[in-house]
């Protein structure tokens, strides 16, 4: 979440030396987009441009774009992000009519070409790139510019100040081009005003997040399993890859030494793994029951394998702590943390955050989730959260962050609608 603060400015940045030659030689649709040349024509009518400074910063913008597209059918929407997999855009929930282009590289001529071609009426940025000339160019063209999800801490500024001179001035110069800035918290707002940004431009809105619909469950199943489990401490390992099975079981054994009667609900990433996993654990001496066989855990059960589909809402309701799997796999497909947060689970996760980097980092920073850097540390992290008061405290923070994300979305939408009114985009 912390913005990258850099002394690189426009075409003078060393990493950009030779970039024009490289992109020209490559001559693909993606490289042309990075040179500011669109691969599709700009549609007629008003256009709101959303820019994500990293691929992961695009996801929180999805609901904002959806809401606006429903209420403003005449308005066009453009999303830009750094070059990555184009397919992730549709997965992140953007409306099909939202155009996606790769962002222009931070060379002045590329950025000018981009703005000439797209002529946005309003620009909305998620993320801070001090090396980008785009905010200055937008200000020169009198195009309203909004920054959302702004986050910068006093520690970041002071830490960098010890190493670099002039960074505060650089950041202030960059941010002064924005007409309005929504911050994720009061601390960020305070730091921005201390930089010299006008107070009237800065608003504490909270972090924008994609609030997930509450996952359903069959209430009779919940009652039956809750009765069978009784008062046993229970944790969930969800969406677990086969490569993560061993570390999950090691964490369970470690925690079981001091937390007696601890039950693990193990949800493999594919239900088809259930039978083989059950056999493997039985051979290792675990007492196992299998959901697909209709089995119900008893007092002796150590691992309950949840090898069925569309029941994750049930498992989140039964477990006080949830580890979100595939997060220790570099290429793993990670689930959104907001589903667990919405159902009261304390959240543990590994370093691979997939398409939900910003969501996880927001929860981590606020204390609504915990990063486990290495698989060997999962047991310690689990033990720390098993006391009911600690799990409840983390789950409460996660719920607050999740619900405040919906409020921040509404505030951003309202601000953009005010801007649309001002330009007469009816």
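Residue numbers (the UniProt record's numbering): 1 to 426. Ideal placement from N, C-alpha and C gives every residue a C-beta, glycine not left out.
Under the three-state DSSP convention, the category residue i falls into
i	result
residue 50	strand
residue 261	coil
residue 121	coil
residue 144	coil
residue 72	coil
residue 386	coil
residue 111	helix
residue 80	strand
residue 376	helix
residue 239	strand
residue 162	Any reading at residue 162 is ruled out, since the residue's pLDDT is 38, under 50, leaving its predicted position unreliable.
residue 150	strand
residue 224	helix
residue 346	strand
residue 205	coil
residue 87	Legend: pLDDT at residue 87 = 49, less than 50; position of this residue unreliable, no value from coordinates given.
Cβ-based neighbour list, residue i, same chain, cut-off 6 Å, excluding 5 preceding and 5 following
i	result
residue 95	66, 69
residue 163	Bear in mind that a pLDDT of 47 at residue 163, under 50, signals an unreliable position, so the model cannot answer this.
residue 287	300, 301, 302
residue 80	51, 101, 103
residue 179	144, 145
residue 93	62
residue 419	122, 144
residue 87	Note that residue 87 scores 49 on pLDDT, short of 50, meaning its location in the model is unreliable and no value can be drawn from it.
residue 335	239, 324
Sequence-distant residues of its chain with Cβ nearer than 7 Å to residue i (five each side left out)
i	result
residue 360	337, 349, 353, 369
residue 274	268, 290, 292, 305, 307
residue 414	none
Cβ neighbour criterion (16 or more within 10 Å) applied to residue i
i	result
residue 169	exposed
residue 260	exposed
residue 41	exposed
residue 421	exposed
residue 188	buried
residue 284	exposed
residue 310	exposed
residue 56	buried
residue 220	exposed
residue 402	buried
residue 218	exposed
residue 351	exposed
residue 214	exposed
residue 34	buried
residue 133	buried
residue 196	exposed
residue 244	buried
residue 90	Model confidence at residue 90 stands at a pLDDT of 46, short of 50, so the residue's coordinates are unreliable; what they give is reported in the following sentence. Exposed: under 16 other Cβ atoms inside 10 Å.
residue 331	exposed
residue 409	buried
residue 258	exposed
residue 28	exposed
Which listed residue (the options) has its alpha carbon closest to that of residue i
i	options	result
residue 239	265, 192, 93, 291	265
residue 105	83, 99, 418	83
residue 232	245, 304, 278, 35	304
residue 177	184, 202, 190, 185	202
residue 252	229, 410, 323, 180	323
residue 281	296, 263, 249	249
residue 341	330, 351, 328, 367	367
residue 32	77, 109, 62	109
residue 356	378, 326, 392, 76	326
residue 230	192, 71, 296, 333	296
residue 45	245, 71, 120, 414	120
residue 294	343, 397, 224	224
residue 270	257, 328, 333	333
residue 150	380, 76, 190	190
Beta-carbon separation (whole angstroms), residue i vs residue j, contact threshold 8 Å
i	j	result
residue 60	residue 339	With a Cβ gap of about 16 Å, residue 60 and residue 339 do not count as contacting.
residue 38	residue 117	5 Å
residue 216	residue 320	Contact doesn't hold; Cβ gap of about 20 Å is too wide.
residue 382	residue 255	5 Å
residue 127	residue 54	6 Å
residue 425	residue 74	7 Å
residue 226	residue 318	6 Å
residue 247	residue 375	4 Å
residue 228	residue 185	The pair is not a contact, with the Cβ atoms about 42 Å apart (cut-off 8 Å).
residue 236	residue 345	7 Å
residue 347	residue 398	6 Å
Cβ-based neighbour list, residue i, same chain, cut-off 8 Å, excluding 5 preceding and 5 following
i	result
residue 416	48, 64, 68, 122, 124, 146
residue 141	115
residue 407	205, 206
residue 222	314, 317, 318
residue 412	64, 124, 146, 148, 182, 205, 208
residue 113	35, 36, 37, 104
residue 394	346, 347, 367, 368, 369, 370, 385
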